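The listed protein sequences correspond, in order, to chains A and B.
Counting from 1, position 266 in the first sequence corresponds to residue 266 in the working numbering; the numbering is continuous, with no gaps.
Counting from 1, position 237 in the second sequence corresponds to residue 1237 in the working numbering; the numbering is continuous, with no gaps.
Ideal Cβ positions, reconstructed from N, Cα and C, are used throughout, including at glycine.
Computed from a prediction, not measured in an experiment: that's the story for all the values here.
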Amino acid sequence: MGEPATDPVLEMTGIRKVFPGVVALDGVDFRLYPGEVHALMGENGAGKSTLIKVLTGVYEIDGGDIRLGGEQVRIAGPLAAQKAGISTVYQEVNLCTNLTVAENIFIGREPRAFGKIRWGVMRKRAAELLKRLDLDLDVSAPLSTYSLAIQQMVAIARAVDISARVLILDEPTSSLDASEVEQLFRVMRRLKDDGVAILFVSHFLDQIYEISDRLTVLRNGQLIGEYRTAELPQVQLVEKMIGKELATLESLEDKAQRSRTRSATAAPILQAKGIGRTGAIAPFDLTIHEGEVVGLAGLLGSGRTELARLLFGADKADQGELSIDGKPVTLRDPQMAMKRGIAFSSENRRTEGIIGDLSVRENIILALQAARGWTRPIPRRKQDEIVDKYVKALSIRPADPERPVRNLSGGNQQKVLLARWLITEPRLLIIDEPTRGIDVGAKAEIQKLVAELSDGGMAVLFVSAELEEVLRLSHKIAVLRDRRLVEELDNTAGVDADRIMQTIASGATS
Amino acid sequence: MTVMSPQPVTTDPAINPRRRVYRPNTKYIPILATLALLLVMYLGGLVNYENFDQPSVVVNLFRDNAVLLAVAVGMTFVILTGGIDLSVGAVISLTTTLTATLLQGGWPPLLVLPLVLILGALLGAGMGAVIHYFRVEPFIATLAGLFLARGLALFINQESIPIRDELWTTLSDMRIPLGETTKTTLTAIVALVAVLIAAAVLAWTRFGRNVYAIGGSADSALLMGLPVARTRIAVYTISGFCAALGGVLYTINSTSGHALQGTGTELDAIASCVIGGVLLTGGAGYVFGSLLGVMVFGLITTIINFQGDLNAAWTRIVVGVLLFGFIVLQRLVTRRTR
Ligand SMILES: Nc1ncnc2c1ncn2[C@@H]1O[C@H](COP(=O)(O)OP(=O)(O)O)[C@@H](O)[C@H]1O
Ligand SMILES: [Mg+2]
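Have a look at this one:
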């Protein structure tokens, strides 16, 4: 299917990788040509990250072969991959946050004189490199002082600087905002012109169509095909990824659409008056009713998460009043919120929610058990029953509750986290970026679920970077900008993405 | 539609999310706290006791704690990677017994010296390899090392063994003048040199930075292409070597060897590192901090000696209290940086 005239720089054939109980890759072929951006597509759990880790020697293959520049190679580990000219940004940010920004870019490749690291030179080079990515950072500050998005950019800077023949970016954009993505694309285009082959993974279809030349689709560890991006319409791409007709998806959307029009005459569950926290979010008013979906829209870093954390007691408000069911409360910690029927599913599933070594079942049961108190264990049969129900309802894959959560793909981990909160039957569910970094199919499932929950009377505070999604689901939308709630609007017919973008871009429109 | 904020929307730079929120140089807080503590203790001594102002009070701190200092240097490397080495005390005892026995048996001292140092390093390397390749918890692997080394030492000889070797007695009697009136022992100098070398290695070499990276996140270090296996084995090797060096320093100080020497030194060394601000979870701290930690240890003992009527158990009690204090301090500091 239409390949460039040159020989591929990388050719993988018949790659097989088996994990206990899962065939993650089953005879997958993959080719990468110099000077192309090649998108690797597939739902969560399709095997994208595994293919990348096989290629960089993190995992050993159980079959197939890898050729670099025509020669068969065996890549022993990330170090060997780096030496062979493959540089990688892995899906989860993989840097050392205790080290400085400069060190994270250069560690292992520090400029030296007589074995001694030249710190001054290193800092200067790091600052220059970041400047080219339009980042103005204090390179001698520990990386931990920067946000996840910035850390991701630093990881990209590191990968780009390891001048490579092959650059791999596994979902680098999931935590970046629009201007950062633009920045990244500029760098990618430049590298492409220099003849670097780029493997790119993203769940944002628009990004794929903007940047990629060709794409390879995987599904359930199997190769579906290799296509020219320009020749494959989006709808077909999605169908190939999920393996079912898009009509199914659309019916889900209709369902969500209908729920949006419900009016919210119900009793208020939560009322915030002038609640705020210095440096995190300016004082705001917000009321959430039973069965109401309130969307929080705003750019990355506009204070969405901060607002949500205040309502959950994860951070303490330093001013204002909060009442739940009409009774004033001061939330000192999340337990207090949980007792009052509030649940919070965090955006940062890796560090704040999921415990990788525990099984799917244990992770799901966790919050319910905590709510009951540890002295009253939930009987195993009851556990299995509940877990089975939610594994099915959310179609968590693989549907094996005893598998350690660590081994699940990102989207499925997100579903586990959601299941954990759902079984506590909260009255107000706060979900922060539930659909970040997960595929279209899972996304639609989660959206449908939110709609159903709200039909059932649960109030939902839905935080998302994707306006479409907020618009589709919410009864009411609160728009944040620069850590301030600038506008609250009912999601009526006249409200669309442009209207909200305008508010985000310019502040309150009144 | 309702407008929630009547004020004009400003872009206050203080809350601009694209910039970092807050940053004092938190990484130096623990070490500065230890330094302040040392000064307070020293001033307290000056006020309360006669003769506390003699330079020898400070100089003797190093003489009396040379062994602990050497061990703490190695321990710092290990803790920085997020590991722990419980075997060091036992390695000391094995080294002292073996050195004394071999010297008594007439082995040439210039052969015995490198031999026991290499043995210590090899023991460390062995534990490091087990920890890395078999994914054994450092706690368990080095606990096994502890039993092994202590057992070997007791097997060789359970009694105290005197050393009459000429080189050893000369080294033992050697005094290095510092200024006009004060002198110190060779062992103190050796331990201090070890500190300097370690500090340079940690700050200025790739190996040193890899140690910090592994302590920050071993998984990330691996994915960044750093030589995790080599580095991890090396830190235990260094720790084993430093413990053996501590053992040798002990035999020089006391011109004897004893299988029960060094019991509990591992805990003193860990405590010194923690008091000196080395984070037990790895990735943060300085070898100079460990030096300060050892000095705190020494100064407590000195003060108790000056006081005269206090039980030596007070050293432990005070150290216990300090440990709590410093661990809480580290929590607070690391929480604030996040
Ligand atoms: N370390 C692992 N151990 C066991 N199973 C794994 C491991 N990593 C991934 N898997 C499984 O392999 C499959 C592919 O996962 P992954 O490559 O992460 O998917 P993607 O990146 O396309 O979302 C999934 O079923 C996942 O659960
Ligand atoms: Mg993935």
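1. Terminal residues of the continuous alpha helix (DSSP H) containing residue 1202 of chain B?
2. Is there a Cβ from chain B that is less than 7 Å from the Cβ of residue 108 of chain A?
3. Is the CB of residue 116 of chain A under 7 Å away from at least one CB in chain B?
4. Just checking, does the segment 43-58 of chain A make contact with the segment 8-27 of chain A on the three C-beta pairs under 8 Å criterion?
5. Do you know whose CA, among B:1071, B:1106, B:1121, lies nearest residue 1241 of chain B's CA?
6. Can you list the beta strand (DSSP E) stretches of 3 or more residues lying completely in the segment 108-178 of chain A, in chain order?
7. Relative to chain A, which residues along the segment 1204-1224 of chain B have a C-beta separation below 9 Å, given in chain order?
8. DSSP state of residue 484 of chain A, grouped into three classes?
9. Are there any heavy atoms of ligand 1 lying less than 6 Å away from the beta-carbon of residue 1210 of chain B, as far as the coordinates show?
10. In its own chain, which residues sit with a C-beta less than 6 Å from the C-beta of residue 87 of chain A, not counting the 5 before and 5 after it?
11. At a cut of 8 Å, does the segment 355-364 of chain A reach the segment 392-406 of chain A through at least three beta carbon pairs?
12. Assess, as a yes-or-no matter, whether the segment 1174-1193 of chain B is touched by the segment 1111-1131 of chain B under the definition of 3 or more beta carbon pairs within less than 8 Å.
13. Scan the segment 1063-1109 of chain B and note each continuous alpha helix (DSSP H) run of 4 residues or more that stays entirely inside, going in chain order.
14. So, at 6 Å on beta carbons, what are the nonlocal neighbours of residue 443 of chain A in its own chain, with the 5 sequence-adjacent residues on each side left out?
15. Please report how far the alpha carbon of residue 354 of chain A lies from the alpha carbon of residue 101 of chain A, in whole angstroms.
16. Which chain A residues sit within Cβ distance under 9 Å of residue 1283 of chain B?
17. Measuring alpha carbon to alpha carbon, tell me which of A:73, A:42, A:215, A:22 ends up nearest residue 32 of chain A.
18. If the cut is a Cβ gap below 8 Å, which residues of chain D does residue 79 of chain A touch?
19. How long is the line joining the alpha carbons of residue 420 of chain A and residue 378 of chain A, rounded to whole angstroms?
20. Please report how far the alpha carbon of residue 1029 of chain B lies from the alpha carbon of residue 1333 of chain B, in whole angstroms.
21. Mind checking if residue 227 of chain A is an interface residue toward chain B, Cβ cutoff 7 Å exclusive?
22. Find out if the Cβ-Cβ distance for the pair residue 242 of chain A, residue 43 of chain A is shorter than 7 Å.
23. In whole angstroms, what is the alpha-carbon distance linking residue 259 of chain A and residue 447 of chain A?
24. Measure from the alpha carbon of residue 511 of chain A to the alpha carbon of each residue in A:288, A:469, A:266, A:178, then state which is nearest.
25. What's the gap between the Cα of residue 1046 of chain B and the Cα of residue 1053 of chain B?
26. Mind checking who residue 289 of chain A pairs with in its DSSP beta bridge?
27. Taking 6 Å as the cut-off, is the CB of residue 174 of chain A close to at least one heavy atom of ligand 2?
28. For residue 90 of chain A and chain B, any beta-carbon pair shorter than 7 Å?
29. Using a Cβ cut-off of 7 Å, pull out every chain B residue sitting near residue 103 of chain A, in sequence order please.
30. Which residues of chain B have a Cβ atom closer than 9 Å to the Cβ of residue 58 of chain A, listed in chain order?
31. From the DSSP output, in three-state form, read off residue 38 of chain A for me.
32. I want to verify the contact list: residues of chain B whose CB lies under 8 Å from the CB of residue 222 of chain A, in sequence order.
33. If the criterion is Cβ atoms closer than 7 Å, does the pair residue 291 of chain A and residue 266 of chain A meet it?
34. Beta-carbon separation of residue 1096 of chain B and residue 1261 of chain B under 7 Å?
35. Below 7 Å CB to CB, which residues in the same chain sit around residue 121 of chain A once its five sequence neighbours on both sides are set aside?
36. Residue ranges of each alpha helix (DSSP H) run of no fewer than 4 residues wholly in the segment 1211-1286 of chain B, ordered along the chain?
So, from the listed chains and residues:
1. 1186-1204
2. yes
3. yes
4. Yes: at least three Cβ pairs fall under 8 Å.
5. B:1121
6. 166-170
7. Contact annotation: in the segment 1204-1224 of chain B, residues whose CB is within less than 9 Å of a CB in chain A are 1204, 1205, 1206, 1208, 1209, 1210, 1212, 1213, 1214, 1215, 1216, 1217, 1219, 1220, 1221, 1222, 1223, 1224.
8. Correct three-state label for residue 484 of chain A: strand.
9. Answer for residue 1210 of chain B: no, Cβ out of range of ligand 1.
10. Apart from the 5 residues on each side of it in sequence, residue 87 of chain A sits with its Cβ closer than 6 Å to the Cβ of 159, 162, 164, 167 in its chain, given in chain order.
11. yes
12. no
13. 1066-1080, 1088-1104
14. 435
15. Going from the Cα of residue 354 of chain A to the Cα of residue 101 of chain A covers about 27 Å.
16. 96, 97, 98, 99
17. A:215
18. No chain D appears in this structure, whose protein chains are A and B.
19. 14 Å
20. Cα to Cα, the separation comes out at about 8 Å.
21. no
22. yes
23. Residue confidence is low: residue 259 of chain A scores 46 on pLDDT, short of 50, so the model does not pin down where it sits. No coordinate-derived value is stated.
24. Lying before the first or after the last residue shown, residue 511 of chain A is absent from chain A, which here runs from 1 to 510.
25. For residue 1046 of chain B and residue 1053 of chain B, the gap between their C-alpha atoms comes out near 6 Å.
26. A:268
27. no
28. yes
29. 1209
30. Counting only Cβ-Cβ distances below 9 Å, residue 58 of chain A has contacts in chain B at 1222, 1223, in chain order.
31. strand
32. Simply none; closest approach about 26 Å.
33. yes
34. yes
35. 111
36. Fully enclosed alpha helix (DSSP H) runs of 4 or longer: 1218-1223, 1228-1254, 1265-1275.
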